[in-house]
Every structure is written in structure tokens, then in C-alpha cells.
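Report on the structure given below.
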Amino acid sequence: MNLLMANATPSITVITPAYNCGRYLQDCITSVARQADVVVQHILINDASTDDTAETLDALAKDNPTIQVQHLSENLGQARVRNLGVQAASAEYILFLDADDCLEGSHSLKAVLDSAQSNSADLVHFQYNRMLESTGETTPAQNRLTGLTSAGVTAQSFPQLINNTSCWQMMYRRAFLERENILFSDRLRQREDRPFFLECLLKAQSVNIIQDRVVRYRVRSGSTMGTLNLAQLEMFTIHLELIGKLMQALGDSPQETTLKRANMLYYMHVMLSYWGPFLLRPQVRNSRQAKAFFAAWQAYSWPSSDLFSDDIIGNIPTRHRDSGLFDALAHLLATGQTQLALTLMRDERLSVREVEELSHSAQQAATGFAFSKDAFALFASNIRLRLDKKPLLRPRSKRPRLILHIGSTKTGSSALQKFMEVNRFALLRDHGLYYPMSGLENGRGARSHRTSGHATLVANLIAGHADALDKLMLELGGLSRSPKTVFLSCENILSSRFWNKGAVAAQLAPLLSGFDLTLLAYLRNPVDWLESMYAESVASPGVRLTQSPRDFYEAQNAQGLLNCQEIADCLQENLPQAKLILRSYDQLRATKTSITTDVLAALDLSDIDPSAYAMPAKKFNNISIPKQAVCLIRTANNVALQREAVLPLNAALIAHMQSQPDLAKTPGYFYDTALATEIADRHQAQFSAFFAPDTPAAKSLQDRPNIDQNLQFTPADLEMLGDEIAKAKAWKLAAEDVELPAPTQVDAAFNDTFQAYVNSDTFLRRLRRSRPEKNRLKMAHALRESGLFDDLFYVSQLPKAADYQGGPLFHYLDHWEDLLLDPHRHFSTRDYLMINTDVAESGLNPFYHYIAFGRAEGRKTIDV
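Taking the numbering used here, the leading residue of the sequence shown gets 289, the next gets one more, and so forth.
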């Protein structure tokens, strides 16, 4: 048993503020008292409680010599109380423990102390468990530092430390706090944690990271942090001021730039997910406190940029980070564009004109936050537009010339599309050339910064949804000037996803008949194209190809995608009004011509000088995946997994193979000499004749090693593959950690909301008059009874649905189509499985199943 003897010097001082927590004190104090092999000083300060806290503390102190009790006559708040504890501490190290929490086990403090004393660390970061007060269930908290261990690092050298969640998740060397004069701000009664521990992290010269779970954090439904009001908003405004000063004090080294970016990313998440719904309330948004809150953002400008490139912060929606939405919000806050920031937070939509004005604002801004062209391009290509119902184009305006770039894949389309994205509004302003935002499809994971062009737009059109074209025309009508030329890019038309033996051309023909249409396609040497396309199809989380190289070749050949003349004839026959331009990608490579330059020349737009415009950052370049990694991924593709689980699995396999120093020394091809020669004999001459005399000579096919026959994976490779597959199979949606508690508790109340809505007299009277409403109610009951709809999961994806009339389920019924067509923001596997339960057994990706089959087959949303 741990006893603080009169002549014993404590090693750790545990400081516990106590305010109206009488019922928790027994557990808290006992958990400290049972710590073995360490001398502890436990300081408990009663912050003028009004319950039985004082009596409980005095009673427990009689039986426990390790604790020292102070009673305050005036309530000071946690920050000042902790400072009093620091001033009274006598131990070498200090640890904060809230009164409603407790320590785990009997040796958790010993583990932290051993780590600290091993190298005289200033700070030791540890893990914790979360306990739901309502059920007593305890689960390990997960964050970006889970699983990481290190010793003697700094925040600058190990920026993941910024993921620390609370002041009680670290132990502090008292001499360090005294040397740096670090205390909790006496301006804050609450929301004091982050300014304190962030200052500690930035100034510490030695930080240890251990994985021991030291604290059991009690999750209470009625906690102060779960309550939002104007007083809390005022405190957080001071909090922002303190954090802003810390960030401005940092330098411009790469390490400090990383810290500033990660910190800004965290606060954009706080802003959007936590404060946003509160600030949107009419009685709040125009209040004095709200104005001061927004002024704090503008005052310090929060120096940073390109939040989309940061992967340091965990427990945030990557869809917000990767889409550039956080960058746009940061820019609006830093430049004082409060109303537009609130508009963006309301439903993550802007009008076309608002996006265009944001582009001009970004060019003119001179704030600490730099809204780069790359970040804006991501944002504009990901934003869900709010389209006003007004004339499609201005009076007397004629339809613009329409350019449809149709591939084929692996011919430099990503670079072309990214150039158009980055310069979207500049090209419109200077030359009347416009690259639409409607119908873009962004990637995930490694491709989160790139699009597949207007693949979603084309998918909707060939599925018979003509309103997709109406949305495009509404977008064009919302611009500041009518474009002369509209550039659409969908390389996937010339792939098995859409081509369907050329049927795609006939499906598009009636929809594009009113346009001055140009079709532009880049075709590639069949052997090289198949090689690249095979690797990409295997590594794509949406396709998850398992075919052999030969079977893949036969499938592409059966589609007619290896015969240039057949492609040209099909396009011209079905779209006779179109000007057809087919070019050789191999010729482009041979002459080292930029695809952007070549496209502009081919379209008689050579007056546009690409060098006069911004070029996308190198981070957007396609990076080839090692063929050895593709082989591992192909093996993993045989395991049925959810798409979200496939992304980290593939990334881990790629990183593993990229780390092999001799990887480049192991040449290999999926198409070996025999198969490549067969393909060349059947298709190479036709390809060369089609583009003669400009077709470069084909590469020699002699002595092409077959990677499947020559590659031998080590036992370590296979063990790693097994481990990663096991992780992916165990994947489930992770709840956000406790640093961002929900403003309101989300629980069974949704069912009450649902029942109250469907049972209301007004609603029932409307049902008697309206057949659609009656069907809507039947659909709602069908989903509720099926058990497929998960209120909590849905609200975690769309917080605003919590306040929707009728609750999350009715929000889903009213918006399901938009959500399914927007897979990179709110789409989940569950969304589609709610509609087609048979897909659950197929192993196919639900989104692509829906695009490829569901709509074409006329599937209904719910069978009632």
C-alpha cells in the first residue's frame, strides 16, 4: 500500500479539482491510494462545492494519509484551482486527475514514473480508457498516438504529439513548469486544457510516449463540456486568443510549419463539427459574443496553409480535410467573411457565384492563412453546389461549345484535369474556357487529391438522369459570365466501367445533341496501356480486381477497347454531329509534349499559354505503385472487405514494398514475353496503322520477365499481408475521441422524434390528401422495422440531420439520392445496403454496383 510518510519525499503529486463531485470521490481517491511502489502526494481542492464534496473529502482524509485537502470559500474554476495545486506540489512530477475519473490498476503511476526518470523527461504522454457512466462499459480510447512509443522527442521532431487530448493525459516535470513559467490561464474558468498542454508541448525538450492506459475517463451525459451557451462561447474566444499567440510565436521551419498546419486543422474540425451548429442559431449568430468570437479568428489570422496535405491529426473526417473544405473555412474566418463561413458550415454547400467570389477573395487575401490555388481547386471540385432555380442561361445566350475529353485511362488525364481545376476561374475570366464543378468524382486515400473527372456526371447521364445535365446548365447560368467553351473530362468512358462495347456513345447522343460538340481521345499502345490499367484496376479500392493478366486482357479486348478504328467508328456513328479528334499518347511521350499544351493545340485554343497559369503542386502527380505491391494487393482482393477498410490496407502494402531498398532492381511485367507478343501481334499493327506516320516504334518485347513467376515474397512479407488483412477485416467506423464531445446526447431520443412526427395530426391529415407522403411514411416504417438504419451512424456523418423534422431517418428519405451520388462526403456502405440487401453478399463495392447496375436496372430505393 502506498503511504506518504512524514519523512518521505513524494515522486508524483496528483492534483484533483473537486466541484460538486462528491459521489465520485471515493473511486478517485482509492485509485490513487492503491498505487504501489511509488510515493504519491494527492492534493484535492474543493472549489466551493454546494453538494457533499466537502464532507466527503474530510471523511476520506481521516483514513488516507496520502491526501491533502484544501477548501475554497469562492468558486475559482478548474484552471485556477489546478494552479493552486501546482503551487502546493512538492513532488518531482505532477499529474492532473479530475474528480470524476480514476487511475487504472495499481502500477499505472509506477509505469509513468519509470519512463520519466529513465531520461529526466519533461513530459510523459500516456493512453487512457473511456467509461460510459450510463452502462459502465469501458473501452480503450483510440487516437493518433495509439500504438506509438518513443523517448526524448519534441513536438517539433514528433508532431503527432499535438494529438494529445487533455492536460490529464500527460505527466509533467515540476522543474520544467517552473523553468518555463507555465500555468493555466487565470482568464479561463474552463476550456483551459489545450492552451496549457500545447504550451508545454511546444517548450518541452524531452517528451516520452508510452502506451500504458493510466486514466479511466468517465463519460458523463451532463458534463459542462457538453453544454453550449454564450458564456462558454466567450471563454472559447479567450481560448482562441491564447492559442493564436502560441501559433504566431512559432517560426517558419518545416517542423514548426507542420505544427501550425496540424493545429489549424484541429480547430477547423472544432469549428465545423462542434461550434458550427450552435453559431447557426438565430439568437446566437448576431450576438455580441459571436461577433467577438469571429473577430478572434481574424485578429491572429492563424498562420498556416494547405490543410489538405496534413495527416498528423487523427479522429477527424478525412472527407473534410481532403476536400479542401477546411482550407476554405479557414480562409473565410481569417478574412472576416463571417456570413459566408456560416453558410458553408450550415450544409457544406455554396452557390456557383459564391465559389467564384471565393476564388477572387483568395487571390487578394493577405492574411496569415494562405488559401493556395491547390487548396481552392480541391474545394471547388468537391463542393456540393447550391443551384438556384432560375433560367438555365442568360437571355439570348447560346449554348457554349462543349469539349468532351474521353481518355483513355493512363494517358495523363490526371495532370490535365488538375490544371483545369487549379485555373478554373482564371481560364473563364481570360478566355471563356470553363471546367465545371458539377458531376466531378474525387478519389479517396492516395487519390484523394485527384478526380476521375466528370465521371459522376456521365454515370448519371447514361443511367437516364437528364436532370444531371440541367444541374450543369444551372451551374453555367450562375457564373459571372457565360462561358464560350465548356471542358468536360471523363477518361472512364474509354474503359470497361462505361464503354459497354460502345453503347455509352448511343446513350449520350440524345442528351448532347444540342451542343457544338468536340470529342477528344488519347489512345495508347495496347501492351503498355494494358500493363498500367491492370495495375491500377487491381489497386483501386472500388474495383478490387482479382483477374489474371490474361483474363483482364481478354475482357478489355471483348469490350472493343484495343481497336482504335472500332472506337472511332462507334463514336462517329452514334455522335455524327461531333468533331472527333483521336491522338496517340505514345507520340506525346516521344516528343515530351505536355498533355495540357497538346490538348489546347488540338482544340484550336493555342492562344492559351499554360505557362502563364498556375501549375499544380507536385504532390498531385500520379506515383506508380510497385508491381510487387500490386501482387500483394491482388491477393488481398480475394477477401471481402468494406471500401473504407481497403484504403489503409492498400496504403500499408504499398508503403511496405516502397521501403524495400532493392525493389527497383527487380524488373518484372504482368504481361510476360509470350502474352505481350501475342497482344502486340493482334493489336500493335492496327494501332500503328491508325496513327501512321506519327506512331513511335514499339518497344522491344524480348526477355520480359513475368513478375508472377519471378517474384518471391519473404515470410515477413506474407506475415505483414496477413496482419493487414486481419486489421481490415476487423475494421469498423471509429467514433470521434473525447476531445470533441457532442453538444447534445444522441441516443434513443431519435426514435421518439420519429414517432412523434409520424403520429402528429397535421402529418396524418396531409397523408390522407397526398399519395407521395403516404408512400414516404410506409418507406420510413419499412426502414425502421428492418433494423438497417442506424441513427447514430447517420448523425455522425451528417450532424445537421439530428435537428431535421422527423429526425435522421426522414432526412435520409428526403436526401438519399444526393447522398449516394456523393460518395466522398457522406456515402457509406450502409447507405446502399439499406436499399439493396442482396449486394451485401456479393462482395462488390456498393457505390460502383449502384452506378453500374442499380440505376440501369431501375431499382427502387426501398421495396415497400
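We put the CB at the ideal spot given by N, CA and C, even for glycine.
Quick one: is residue i buried, meaning 16 or more other Cβ sit within 10 Å of its Cβ, or exposed?
{"i": "alanine 296", "result": "exposed"}
{"i": "asparagine 469", "result": "exposed"}
{"i": "isoleucine 754", "result": "In the sequence under discussion, the amino acid at residue 754 is alanine, which differs from the isoleucine named in the question. Exposed, by the Cβ-count rule."}
{"i": "aspartate 410", "result": "buried"}
{"i": "asparagine 517", "result": "exposed"}
{"i": "glycine 700", "result": "buried"}
{"i": "threonine 338", "result": "exposed"}
{"i": "glutamate 362", "result": "exposed"}
{"i": "glutamate 466", "result": "exposed"}
{"i": "arginine 1057", "result": "The predicted position of arginine 1057 is uncertain, since its pLDDT is 47 and thus under 50; a value taken from the coordinates is nonetheless stated next. By the 10 Å Cβ count, arginine 1057 comes out exposed."}
{"i": "threonine 881", "result": "exposed"}
{"i": "asparagine 813", "result": "buried"}
{"i": "asparagine 938", "result": "buried"}
{"i": "glutamate 480", "result": "buried"}
{"i": "aspartate 389", "result": "buried"}
{"i": "leucine 420", "result": "exposed"}
{"i": "glutamate 819", "result": "buried"}
{"i": "proline 565", "result": "buried"}
{"i": "alanine 756", "result": "buried"}
{"i": "asparagine 574", "result": "exposed"}
{"i": "histidine 693", "result": "buried"}
{"i": "arginine 311", "result": "exposed"}
Compare the C-beta of residue i against all C-beta atoms of chain B and say whether one is closer than 8 angstroms.
{"i": "isoleucine 303", "result": "Judged by its chain identifiers, the structure shown contains no chain B, having just a single protein chain."}
Can you tell me the Cβ-Cβ gap for residue i and residue j, rounded? I've got them flagged as a contact below 8 angstroms.
{"i": "histidine 359", "j": "alanine 342", "result": "6 angstroms"}
{"i": "alanine 306", "j": "leucine 313", "result": "7 angstroms"}
{"i": "lysine 661", "j": "serine 592", "result": "That pair is no contact at about 16 angstroms."}
{"i": "valine 643", "j": "alanine 622", "result": "Valine 643 to alanine 622, Cβ: 18 angstroms. No contact."}
{"i": "alanine 843", "j": "serine 784", "result": "6 angstroms"}
{"i": "asparagine 923", "j": "alanine 866", "result": "At residue 923 the sequence reads threonine, which differs from the asparagine that was named. With a Cβ gap of about 43 angstroms, threonine 923 and alanine 866 do not count as contacting."}
{"i": "tryptophan 590", "j": "methionine 552", "result": "5 angstroms"}
{"i": "glycine 720", "j": "leucine 760", "result": "About 16 angstroms; that fails the 8 angstroms criterion."}
{"i": "serine 378", "j": "glutamine 323", "result": "Not really, about 17 angstroms apart at Cβ, beyond 8 angstroms."}
Look at the Cβ atom of residue i, then the Cβ atom of residue j, and state whether they are nearer than 8 angstroms.
{"i": "glutamate 779", "j": "serine 872", "result": "no"}
{"i": "asparagine 851", "j": "glutamine 974", "result": "yes"}
{"i": "tyrosine 555", "j": "isoleucine 601", "result": "no"}
{"i": "histidine 413", "j": "valine 495", "result": "yes"}
{"i": "isoleucine 497", "j": "leucine 401", "result": "no"}
{"i": "glycine 958", "j": "isoleucine 913", "result": "A quick correction: the sequence has phenylalanine, not glycine, at residue 958. No, these two residues do not count as a Cβ contact at 8 angstroms."}
{"i": "valine 774", "j": "proline 837", "result": "no"}
{"i": "glutamate 380", "j": "asparagine 417", "result": "no"}
{"i": "arginine 672", "j": "glutamate 636", "result": "yes"}
{"i": "tyrosine 722", "j": "proline 771", "result": "yes"}
{"i": "arginine 504", "j": "glutamine 415", "result": "no"}
{"i": "valine 934", "j": "alanine 1018", "result": "no"}
{"i": "serine 768", "j": "leucine 704", "result": "no"}
{"i": "isoleucine 1013", "j": "valine 918", "result": "no"}
{"i": "isoleucine 303", "j": "glycine 373", "result": "yes"}
{"i": "tyrosine 901", "j": "asparagine 711", "result": "yes"}
{"i": "asparagine 452", "j": "leucine 490", "result": "no"}
{"i": "leucine 1006", "j": "glycine 956", "result": "no"}
{"i": "tyrosine 588", "j": "glutamine 536", "result": "yes"}
From the DSSP output, which residues share a beta bridge with residue i?
{"i": "tyrosine 873", "result": "According to DSSP, tyrosine 873 bridges with nothing at all."}
{"i": "leucine 638", "result": "Leu673"}
{"i": "cysteine 390", "result": "Arg504"}
{"i": "threonine 427", "result": "Arg418"}
{"i": "isoleucine 303", "result": "Ile331, Phe384"}
{"i": "valine 774", "result": "Leu690, Tyr722"}
{"i": "threonine 631", "result": "Partner(s): none; threonine 631 has no beta bridge."}
{"i": "serine 592", "result": "Phe657"}
{"i": "aspartate 804", "result": "Arg689"}
{"i": "serine 438", "result": "Ile497"}
{"i": "histidine 413", "result": "Met458, Ile497"}
Exercise for the section: Tell me, please, whether the segment 523 to 538 touches the segment 474 to 493 by the rule of three or more beta-carbon pairs shorter than 8 angstroms. Expected result: yes
Practice task
Pair every Cβ in the segment 454 to 470 with every Cβ in the segment 479 to 492, then say whether three or more of these pairs are closer than 8 angstroms.
Solution key: yes
Exercise for the section: May I ask you to verify whether the segment 350 to 367 touches the segment 390 to 404, counting CB pairs closer than 8 angstroms and requiring at least 3? Expected result: no
Exercise for the section: Would you check if the segment 651 to 665 and the segment 606 to 626 touch, i.e. whether three or more CB-CB distances between them fall below 8 angstroms? Expected result: yes
Practice task
Taking 8 angstroms as the threshold, find out whether the segment 978 to 988 comes into contact with the segment 863 to 879 through three or more Cβ pairs.
Solution key: yes
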